[in-house]
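Enquirer: For the sequence shown, full-length UniProt numbering assigns the number 205 to the last residue and increments by one with no breaks.
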Amino acid sequence: MTGPLTRTMVLFDWGDTVVIDADRARAALNVVLARRGLPGLGETEFSMRFRLPLSELFERLGVDLDDRAAAEAEWTCELDAARAHLRDGAVECLDELARQGAWLGVVSASSASAVRFDQRSLAVPAVWSSVDASVPDKYALLLRHRATRQEAYFVSDSADDMRCASAAGFTPIGVTEGEASAGSLRAAGAVEVISSLRELIPIVS
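#1: Going by Cα to Cα distance, which pick from L38, D64 and G105 is closest to K138?
#2: So what does DSSP say about L11, is it helix, strand or coil?
#3: Can you name the start and end residues of the alpha helix (DSSP H) that T76 belongs to?
#4: Are at least three pairs of beta-carbons, each pair with one atom in the segment 64-81 and one in the segment 49-56, less than 8 Å apart?
#5: Return the CA-CA distance between G40 and T148, expressed in angstroms with no decimal places.
#6: Quick test of the definition: if touching needs 3 or more C-beta pairs under 8 Å, does the segment 158-171 touch the segment 21-29?
#7: Across which residues does DSSP place I203 in a beta bridge pair?
#8: Below 8 Å on the Cβ atoms is my contact criterion, and I expect A82 with R24 to pass it. Report the Cβ-Cβ distance as a whole number of Å.
#9: Measure the alpha-carbon distance for L94 versus L5 and round it to whole angstroms.
#10: On the three-state DSSP scale, how would you describe S111?
#11: So, at 8 Å on beta carbons, what are the nonlocal neighbours of R7 in its own chain, with the 5 sequence-adjacent residues on each side left out?
#12: Candidates G3, I194, V32 and D161: which alpha carbon is nearest L97's?
#13: Here's the rule I'm using: 16 or more other beta-carbon atoms within 10 Å means buried, otherwise exposed. How should H145 be labelled?
#14: Considering S195, what are the terminal residues of the alpha helix (DSSP H) in which it resides?
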């Protein structure tokens, strides 16, 4: 593929970056917890406590050690069955960056099955040059990707991802809809913070 961005790589986190799924993630988690007689999480508590990997999350929430693998499997099934939606500007952004020749990829802790389900059900443009799912160590993976392109951006809603991206030599781009989280992203090293992926086009181009 030719175009002005053939030397540019743009990698995206998945959940709450390309796909808005915080509500379905919380709903799926609360179903799993309710089956075990454990209290569910409200929106604020979920935003504060939800961290991957799931095994550590379920430990913090009181799921027995010998039940955590089953809880993870149930959460994935519930998540796959729930509904999500694309972030504003996602289709336009992905189509335009692909048209200009950028290498587009996914680097996410989300499971491969969840990413595939979202791509099919939400008709995400088939523009990906790479899809890395169930990633336990984003820094190591980003570091391997970095050497393949002259310019490299990583887009995510996570402050931890901003730090990983910066350390791996990527330009970190934060994405959020809240001013409080925007401040956290900037403090973690985000060069730009956007709410619509449409805003990414002039940054990369």
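In this text, a Cβ means the ideal position worked out from N, Cα and C, and glycines have one as well.
Expert: Concretely, from the data shown:
#1: G105
#2: strand
#3: R68 to A81
#4: yes
#5: 43 Å
#6: no
#7: None; I203 has no bridge partner.
#8: 4 Å
#9: 13 Å
#10: coil
#11: R149, Q150 and E151
#12: G3
#13: buried
#14: No alpha helix (DSSP H) contains S195, which DSSP labels as neither H nor E.
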